[in-house]
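First up is the structure itself, then whatever we jot down about it.
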Amino acid sequence: MPELPEVETIATDLRRELVGATFTGVEIHWPAIVATHSADEFSRNLCGQSVLDVGRRGKFLILHLSGGALLFHLRMTGQLLLWPSHHPRGVHDHAIFHLADGRELHYCDQRKFGRIYLVCDANEIVQELGPEPLAKDFSPEQFAAMLSLRRGALKPLLLNQRFLAGLGNIYTDEALFVARLHPRRRANTLSPDEMCRLYDAIHLVLQSAIAGRGTTFDGSYRDAYGQAGHYQAELRVFGREEANCPRCGAKIQRLTVAGRGTRICPQCQPE
Ligand SMILES: [Zn+2]
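If you count the sequence shown from 1, you need to add 228 to reach the numbering used here.
Shown next as structure tokens:
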């Protein structure tokens with residue numbers, strides 16, 4: 229469930245806390261969570277490495293290390309929590325990273341769908357992702373050109389990480405509502421004005437969600453300090469089935485588009 233704004237929030241927290249820190253030990257309690265190594269190899273390769281920077285690409289959190297990169301994909305319920313020394317292990321803490329100053333970074337994941345990658349170069353994992361929607365060089369013209377080449381429906385296209393990186397179910401529904409576009413609209417049928425509206429809506433939704441430190445909708449998302457986000461209070465359609473559209477007052481509907489639960493205002497987003 230964590231999408232671009234949630235991972236960006238965690239990355240900002242961890243950049244403040246971890247740059248300069250050194251890993252001195254790691255406990256792996258669920259070995260399958262490490263996608264690239266056995267638990268022993270992972271520990272051997274990570275220990276002694278220090279954190280140079282913390283970033284994000286799509287929904288991947290990236291710790292740039294002195295000798296490579298440590299990536300986390302949180303999937304449904306993954307959390308990265310920073311604790312003081314000797315913090316008790318939670319029942320879903322599958323990896324515990326020990327830092328030289330005694331602090332601990334706990335990877336907690338109730339559903340165990342998340343993955344950890346230790347690689348020489350982060351591009352080994354993220355090179356196939358589409359553009360970053362908030363990158364300075366991602367222009368409305370580029371987005372329009374991308375859309376005009378696609379015949380598929382907007383909702384699955386925006387969820388496709390190879391098309392555009394970072395959007396999931398929450399922010400796709402929110403952006404399509406703001407842009408007043410039906411999720412089943414074919415991408416290459418959008419007018420230039422509609423393409424611009426969608427570009428602006430994606431920016432508005434992602435930037436305001438980052439400002440709100442992300443969405444804690446079903447209780448699973450937490451920042452690196454264990455705190456919930458605030459953006460759930462500002463959601464327009466996601467999770468508001470049967471509530472009234474904030475723009476026109478019509479009842480918000482839930483439909484299924486490409487197998488995904490989707491919320492729309494039937495008046496503001498006609499098919
Ligand atoms: Zn409406």
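Don't be surprised by glycine CBs; every beta carbon is placed ideally from N, CA and C.
These numbers come from a predicted model, not from an experiment.
Assign Asp268 to buried or exposed, taking buried as 16 or more other Cβ atoms, counted over all protein chains shown, within 10 Å of its Cβ. Looking at its Cβ environment, which holds fewer than 16 other Cβ atoms inside 10 Å, Asp268 is exposed.
Can you look up Gln435 in the DSSP assignment and give me helix, strand or coil? Under the three-state reduction of DSSP, Gln435 is assigned to helix.
State the Cα-Cα distance for the pair Gly394 and Thr252, rounded to the nearest angstrom. Cα to Cα, the separation comes out at about 31 Å.
Residues passing the C-beta test against ligand 1 heavy atoms, cut-off 5 Å: Working through the chain, the matches are Cys473, Arg475, Cys476, Ala478, Cys493, Gln495 and Cys496.
Helix, strand or coil, according to DSSP, for Asp321 in the structure here? Reduced to three states, the DSSP call for Asp321 is strand.
Under the assumption that His322 contacts Ile238 (Cβ atoms under 8 Å), give the Cβ distance between them as a whole number of angstroms. Actually they do not touch by this definition, with Cβ atoms about 17 Å apart.
Sufficient close CB pairs (3 or more, under 8 Å) joining the segment 351-367 to the segment 265-283: Using a C-beta cut-off of 8 Å, the segment 351-367 makes no contact with the segment 265-283, since fewer than three inter-stretch Cβ pairs fall below that distance.
DSSP three-state call for Thr250: helix, strand or coil? Strand.
Would you mind working out which of Arg339, Thr250, Pro259 and Ala263 sits nearest Ser278, comparing C-alpha positions? Closest by alpha carbon: Thr250.
Can you name, in chain order, every residue of its own chain whose Cβ lies under 8 Å from the Cβ of Ile480, other than the five neighbours on each side? Contacts found: Val465, Arg468, Glu469, Glu470, Ala471, Asn472, Cys473, Arg491, Ile492 and Cys493.
Measuring straight from C-alpha to C-alpha, what distance separates Cys496 and Ala478? Taking the Cα positions, Cys496 is about 9 Å away from Ala478.
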